[in-house]
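J.:
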Amino acid sequence: MRELKGINTYSLYSLLTAMDSFIREKYKPAKSEITAHFRVKKSEKLSFRECLDSVARESSIGTWTELATLEKKIAKKLGPKIFGLDEGTGKASIAYPLDLFEKGNLPQFWSGICGNIYGMSDVQAIRLDDVDFPEEYVKSFKGPKYGIEGVRKTLKVKGRPLVGTIVKPKVGLDEKGHAKCAYNAWLGGCDIVKDDENLTSMKFNNFRKRVSLTLKMLEKAEKETGEKKAYMPNVTSETFEMLKRAKYVEECGGTYAMVDIISAGFSALQTLRNEDLDLILHAHRAGHAAFTRNKEHGISMLVLAKLARLAGVDQLHVGAVFGKMEGGESEVKQIVRAITEKGPLKSVFPVASGGLYPAKVPPLMNALGNDIIIQAGGGISGHPQGIIKGAIAMRQAVEGTLKGIPLEEYGLMHKELGIAMQKWGN
7 MRELKGINTY
17 SLYSLLTAMD
27 SFIREKYKPA
37 KSEITAHFRV
47 KKSEKLSFRE
57 CLDSVARESS
67 IGTWTELATL
77 EKKIAKKLGP
87 KIFGLDEGTG
97 KASIAYPLDL
107 FEKGNLPQFW
117 SGICGNIYGM
127 SDVQAIRLDD
137 VDFPEEYVKS
147 FKGPKYGIEG
157 VRKTLKVKGR
167 PLVGTIVKPK
177 VGLDEKGHAK
187 CAYNAWLGGC
197 DIVKDDENLT
207 SMKFNNFRKR
217 VSLTLKMLEK
227 AEKETGEKKA
237 YMPNVTSETF
247 EMLKRAKYVE
257 ECGGTYAMVD
267 IISAGFSALQ
277 TLRNEDLDLI
287 LHAHRAGHAA
297 FTRNKEHGIS
307 MLVLAKLARL
317 AGVDQLHVGA
327 VFGKMEGGES
337 EVKQIVRAIT
347 EKGPLKSVFP
357 VASGGLYPAK
367 VPPLMNALGN
377 DIIIQAGGGI
387 SGHPQGIIKG
397 AIAMRQAVEG
407 TLKGIPLEEY
417 GLMHKELGIA
427 MQKWGN
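Numbering (this note's numbering), first residue to last: 7 to 432.
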């Protein structure tokens, strides 16, 4: 290889390339690029611009030093562009060429955009607030099989929020106790009953036995109420075991499978979706706050929601707005828009859950509309007169809200709701 005054020519070029900034202040990303929107808190040793260059380099074609292998044509074709800088807020956007990503591969996207940059000493903190995907990339994923329309068609419910509950206590009941709780909730008017995030297959509650017994009680409830009902068993496990459990649910005549998507991971989630089972996939977000809650560092729930839609979930927990879980109205609305807006993929049914009870229904519906699933665990099981009355009260809260009647007034005419209002108030 030719040398120039003792310096390798490839190294000389690479050094110059490494020194060249990726910042393009007025850049407008192409429709074919994936654009990530970051908030960065720089380290003391670098300027804001140097810090951003380091992030862009590490998440694409570069590293911490010059590279003899980084040819000019590679840098030109695959180099990222940084734009929209605001040092006051730490915000900046980075546009990445689509060729940096393997289509239909969420783990690879995660490794690329959300990989080494979180451990770099060049940043004190970094948060991925949002990401925009080109249509070409979106179309490489299956997306939801059912979506909002498919779920409503399956359950034959139009024009109102779906009402659901979670069997409580979340763990502790045996299979018969679990099935009985589900049955009572369906009798009272719940459309859906689901397992909680940490109930899988325990010594005291075997998965297969629980599913079999609960689905039998579902059939009984459907005959007695004349309404379609659904049970969401938690199939979360090691990938192959998870597939076995989901297939067992399908064999038993179930219509849903629930997955803890953070615990299982996007690879397992994509594998489950790719099986193309006749099951609505309900996504629980257990564990998300480990990296979404810190507003300076980590990844936003908005990004996770977009990835979940690509992976193919039909329903997703988005936050309760007025419940016990962190997440304000503007944030939850943004997530809801992202998973329901029109596009190449079907929409995802937003699920509000966590500390909800009848009095929270009006503001929740006012904020998020009717295309939501309202899930109340303690807000139904904690009713003074039991689960059946608790489910009745929740349905009454939805009915009263749809009619535009204040629940304090509606509760005077509907005793189950009235008792719930007395217990929990507003």
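All C-beta atoms, glycine included, are put in the ideal place defined by N, C-alpha and C.
Measuring straight from C-alpha to C-alpha, what distance separates SER127 and GLU108?
T.: As a working mapping, residue 127 is identified with position 121 in the sequence shown. As a working mapping, residue 108 is identified with position 102 in the sequence shown. One C-alpha to the other measures close to 28 Å.
J.: Within the continuous alpha helix (DSSP H) that includes PHE54, where are the two ends?
T.: The count along the sequence shown starts at 1 and reaches residue 54 at position 48. Where PHE54 is concerned, the enclosing alpha helix (DSSP H) stretches over 54 to 64.
J.: Return the Cβ separation of GLY170 and ILE379 in integer angstroms, given the expectation that the two are a contact with Cβ distance under 8 Å.
T.: Taking the sequence shown and counting its residues from 1, the one referred to as residue 170 is at position 164. Taking the sequence shown and counting its residues from 1, the one referred to as residue 379 is at position 373. Sure, about 6 Å apart at Cβ, within 8 Å.
J.: May I ask you to verify whether the stretch 305 to 320 touches the stretch 257 to 273, counting CB pairs closer than 8 Å and requiring at least 3?
T.: yes
J.: If we count the other Cβ atoms within 10 Å of its Cβ and call it buried at 16 or more, is LEU418 buried or exposed?
T.: Position 412 of the sequence shown, counted from the start, is the residue given in the question as residue 418. Result: exposed.
J.: Could you round the C-beta distance between ALA101 and ILE393 to whole angstroms and report it? I think they count as a contact, below 8 Å.
T.: Translated into the one-based positions of the sequence shown, residue 101 becomes position 95. Translated into the one-based positions of the sequence shown, residue 393 becomes position 387. That pair is no contact at about 52 Å.
J.: Please return the same chain residues whose Cβ sits closer than 7 Å to the Cβ of VAL367, not counting the five positions on each side in sequence.
T.: Working through the sequence shown from its first residue, we reach residue 367 at position 361. If we look at VAL367 and ignore the five residues flanking it on each side, its Cβ neighbours are ILE380, ALA403, VAL404 and THR407.
J.: What's the C-alpha gap between ILE286 and THR261?
T.: The residue you call residue 286 lines up with position 280 of the sequence shown. The residue you call residue 261 lines up with position 255 of the sequence shown. ILE286 and THR261: Cα-Cα distance of roughly 6 Å.
J.: Does the distance from the CB of LYS79 to the CB of ARG45 come in under 8 Å?
T.: If you number the sequence shown from 1, residue 79 lands on position 73. If you number the sequence shown from 1, residue 45 lands on position 39. No. Outside cutoff.
J.: What does the alpha-carbon distance come out to for the pair GLY12 and SER60?
T.: If you number the sequence shown from 1, residue 12 lands on position 6. If you number the sequence shown from 1, residue 60 lands on position 54. Below a pLDDT of 50, predicted positions are generally treated as unreliable, and GLY12, at 40, falls in that range; no measurement from the model is reported.
J.: To which residues does DSSP link GLU39 through a beta bridge?
T.: Counting from 1 along the sequence shown, the entry for residue 39 is found at position 33. GLU39 is bridged to PRO103.
J.: Which same chain residues end up closer than 7 Å to LEU22 when comparing Cβ atoms and leaving out the 5 residues on each side of it in sequence?
T.: By 1-based counting over the sequence shown, the position of residue 22 is 16. Caution applies to LEU22, whose pLDDT of 36 falls short of 50 and renders its modelled position unreliable; the model cannot decide the point.
J.: Straight-line CA distance for SER359 to GLU56?
T.: Walking along the sequence shown from the start, residue 359 turns up at place 353. Walking along the sequence shown from the start, residue 56 turns up at place 50. Between SER359 and GLU56, the C-alpha separation is close to 42 Å.
J.: Could you check where the beta strand (DSSP E) with LEU221 kicks off and where it finishes?
T.: On the sequence shown, position 215 is the one that residue 221 refers to. Unbroken run through LEU221 is the alpha helix (DSSP H), 213 to 231; no beta strand (DSSP E).
J.: Straight-line CA distance for MET238 to SER146?
T.: Here residue 238 refers to the residue found at position 232 when the sequence shown is read from its first residue. Here residue 146 refers to the residue found at position 140 when the sequence shown is read from its first residue. Rounded to whole angstroms, MET238 to SER146 spans 28 Å at the Cα level.
J.: Do PRO167 and ASN432 have their C-beta atoms within less than 8 Å of each other?
T.: The residue you call residue 167 lines up with position 161 of the sequence shown. The residue you call residue 432 lines up with position 426 of the sequence shown. Not in contact: PRO167 and ASN432 (Cβ atoms no closer than 8 Å).
J.: Give me the Cβ distance between VAL129 and LYS48, rounded to the nearest whole Å; I'm assuming they're in contact under 8 Å.
T.: Translated into the one-based positions of the sequence shown, residue 129 becomes position 123. Translated into the one-based positions of the sequence shown, residue 48 becomes position 42. Contact holds; Cβ gap of about 6 Å.
J.: Return the bridge partner residues of ALA399 from the DSSP annotation.
T.: On the sequence shown, residue 399 is found 393 positions in, with the first residue counted as 1. According to DSSP, which records beta bridges pairwise, ALA399 is partnered with nothing at all.
J.: Would you report the Cα separation of LEU18 and PRO35, rounded to the nearest angstrom?
T.: The sequence position of residue 18 within the sequence shown is 12, counting from 1. The sequence position of residue 35 within the sequence shown is 29, counting from 1. With a pLDDT of only 32 at LEU18, under the threshold of 50, the placement of this residue in the model should not be trusted; the figure read from the coordinates follows. Approximately 30 Å, taken between the alpha carbons.
J.: Starting from PHE246, follow the alpha helix (DSSP H) in both directions and report where the run begins and ends.
T.: Within the sequence shown, numbered from 1, the residue matching residue 246 stands at position 240. That run of the alpha helix (DSSP H) goes 245 to 257.
J.: Suppose you measure from the CA of GLY232 to the CA of SER207; what does that come to, to the nearest Å?
T.: By one-based count along the sequence shown, residue 232 stands at place 226. By one-based count along the sequence shown, residue 207 stands at place 201. Rounded to whole angstroms, GLY232 to SER207 spans 31 Å at the Cα level.
J.: Are there three or more Cβ pairs, one per stretch, closer than 8 Å when the stretch 182 to 190 is compared with the stretch 136 to 153?
T.: no
J.: Between ALA62, GLY94 and LEU134, which has its C-alpha nearest ILE305's C-alpha?
T.: One-based indexing of the sequence shown puts residue 305 at position 299. Among ALA62, GLY94 and LEU134, the Cα nearest to that of ILE305 is on LEU134.
J.: Assuming LEU205 and ASN211 make a contact with CB atoms under 8 Å, what is their CB distance in whole Å?
T.: Against the sequence shown, residue 205 aligns to sequence position 199. Against the sequence shown, residue 211 aligns to sequence position 205. Their Cβ separation, rounded to whole angstroms, is 7 Å, which keeps LEU205 and ASN211 in contact under 8 Å.
J.: Would LYS234 pass as a contact of LYS162 if the rule is Cβ separation under 8 Å?
T.: Here residue 234 refers to the residue found at position 228 when the sequence shown is read from its first residue. Here residue 162 refers to the residue found at position 156 when the sequence shown is read from its first residue. Yes, the pair counts as a contact, with Cβ atoms nearer than the cut-off.
J.: Return the first residue and the last residue of the beta strand (DSSP E) that HIS389 is part of.
T.: Counting from one through the sequence shown, the residue named residue 389 turns up at place 383. From DSSP, HIS389 is part of no beta strand (DSSP E); its letter is neither H nor E.
J.: Residue range of the alpha helix (DSSP H) that THR261 falls in?
T.: In the sequence shown, the residue the question calls residue 261 occupies position 255. No alpha helix (DSSP H) holds THR261; DSSP gives it neither H nor E.
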